[in-house]
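Residue numbers (our numbering): 593 to 846.
Note that the Cβ used here is the ideal one computed from N, Cα and C, for glycine as well.
Okay, so here's the structure we're looking at.
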Amino acid sequence: MTNRGRILTVVLALAGLASVPAAGQELPSMDEVIDHLDELYRSSSSHSVMTMTVVRERGTRELTLESWTQGEEEALIVIRSPAREAGTATLMTEEGLWNYAPRADRLIRIPTGLLSESWMGSHFTNDDLMRETSYDDDYDTELSWAERDGERHLLVTLTPKPDAPVVYTRVLFWLTPEEWIPVAEEFYDEGELIRTMTFDQVETVSGREIPLRMTLVPTEDPDERTVVRYDELRLDVPVDADLFTRRGLRRVAR
Numbered sequence: 593m594t595n596r597g598r599i600l601t602v603v604l605a606l607a608g609l610a611s612v613p614a615a616g617q618e619l620p621s622m623d624e625v626i627d628h629l630d631e632l633y634r635s636s637s638s639h640s641v642m643t644m645t646v647v648r649e650r651g652t653r654e655l656t657l658e659s660w661t662q663g664e665e666e667a668l669i670v671i672r673s674p675a676r677e678a679g680t681a682t683l684m685t686e687e688g689l690w691n692y693a694p695r696a697d698r699l700i701r702i703p704t705g706l707l708s709e710s711w712m713g714s715h716f717t718n719d720d721l722m723r724e725t726s727y728d729d730d731y732d733t734e735l736s737w738a739e740r741d742g743e744r745h746l747l748v749t750l751t752p753k754p755d756a757p758v759v760y761t762r763v764l765f766w767l768t769p770e771e772w773i774p775v776a777e778e779f780y781d782e783g784e785l786i787r788t789m790t791f792d793q794v795e796t797v798s799g800r801e802i803p804l805r806m807t808l809v810p811t812e813d814p815d816e817r818t819v820v821r822y823d824e825l826r827l828d829v830p831v832d833a834d835l836f837t838r839r840g841l842r843r844v845a846r
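Following this line, the structure appears as structure tokens:
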């Protein structure tokens, strides 16, 4: 099962949350947990408005983003503000990932080698936003109970399979023990913690408990961060399939 879009993916919608055995009991099924992670921000379709705040040493900037998704293969993110970047977009289709530059009216394909590159100067990457990798297909998984900040959590340890197209050599996913709600995600490269993403502001959306804010902090620059907050999130809504074409992208981005 693929995980097409985490955030913003920021971006995709959600599946229902299953319950798991209380802490202290047997570990849940690995397949259940991985499917749950893959489905967390996905539905048959979605529409959302988000605020992205990027804090760097040189200053702070804020972007308003609008996104649409349909199925597992189609997603579109458009920057609405600030004005100088309005209309810039990222499109995902079965054919790959594309960036749209409205001033030049150019659609530029993002090669796999650039999945780890920053998206719009944020701490998120192209892979974070559009999620080309899959928890199930690309990682071997180990489950355990572990403590974080003095509380027990379900810990999912993800190790890339041979030749998997992933950026990190290990990912730790911390979940609440009963609802499987994400609390934190840690990304490692050769044993070194590279960045940490935390999830909070849990609210009920379409009957599901969902973290509406994600904060990504790089380990080497702990005073920097990128925060993404869902201001609006609608799931399983009608979405015009034409949005995910070059013509539709240009229409909605302008």
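To the nearest angstrom, how far is the alpha carbon of residue 695 from that of residue 812? Spanning the two alpha carbons is a distance of roughly 35 Å.
Where residue 845 falls: helix, strand or coil (DSSP): Residue 845 sits in a helix when the DSSP states are folded into three classes.
Would you identify the three-state DSSP class for residue 770, choosing helix, strand or coil? Residue 770 falls in the coil class under three-state DSSP.
Residue 627 CB to nearest heavy atom of the ligand ATP below 7 Å: This structure simply doesn't include the ligand ATP, nor any ligand for that matter.
Grab me the residues of residue 790's own chain with a C-beta within less than 6 Å of its C-beta, minus the 5 sequence neighbours each way, in chain order. Scanning its chain for C-beta atoms nearer than 6 Å, with the 5 sequence neighbours on each side dropped, one finds around residue 790 the residues 776 and 807, in chain order.
May I have the straight-line CA-CA distance separating residue 818 from residue 646, to the nearest angstrom? Their Cα atoms are separated by approximately 4 Å.
Residues that residue 674 bridges to, as DSSP identifies them: BP columns for residue 674 are empty, so no partner.
Taking the alpha-carbon positions, what's the residue 762 to residue 670 distance? Rounded to the nearest angstrom, the gap between the Cα atoms of residue 762 and residue 670 is 31 Å.
For residue 614, which of helix, strand or coil comes out of DSSP? Annotation note: pLDDT 43 at residue 614 (below 50); position unreliable, coordinate value reported separately. Coil at residue 614, not helix or strand.
Ordered list of beta strand (DSSP E) runs contained in the segment 689-718, each at least 3 residues: 698-702, all fully within the segment 689-718.
Specify whether the segment 733-748 and the segment 706-713 touch according to this definition: at least 3 beta carbon pairs, one from each stretch, less than 8 Å apart. Because the criterion of three Cβ pairs below 8 Å is not met, the segment 733-748 and the segment 706-713 do not touch.
Residue range of the beta strand (DSSP E) that includes residue 681: If you look at residue 681, you'll find it in the beta strand (DSSP E) that goes 681-685.
Separation of residue 699 from residue 838, as counted between CA atoms: Each residue's CA atom was taken as its position, placing residue 838 and residue 699 some 8 Å apart.
Burial state of residue 833, where buried means 16 or more other Cβ atoms lie within 10 Å: It is exposed - the Cβ of residue 833 has fewer than 16 other Cβ atoms within 10 Å.
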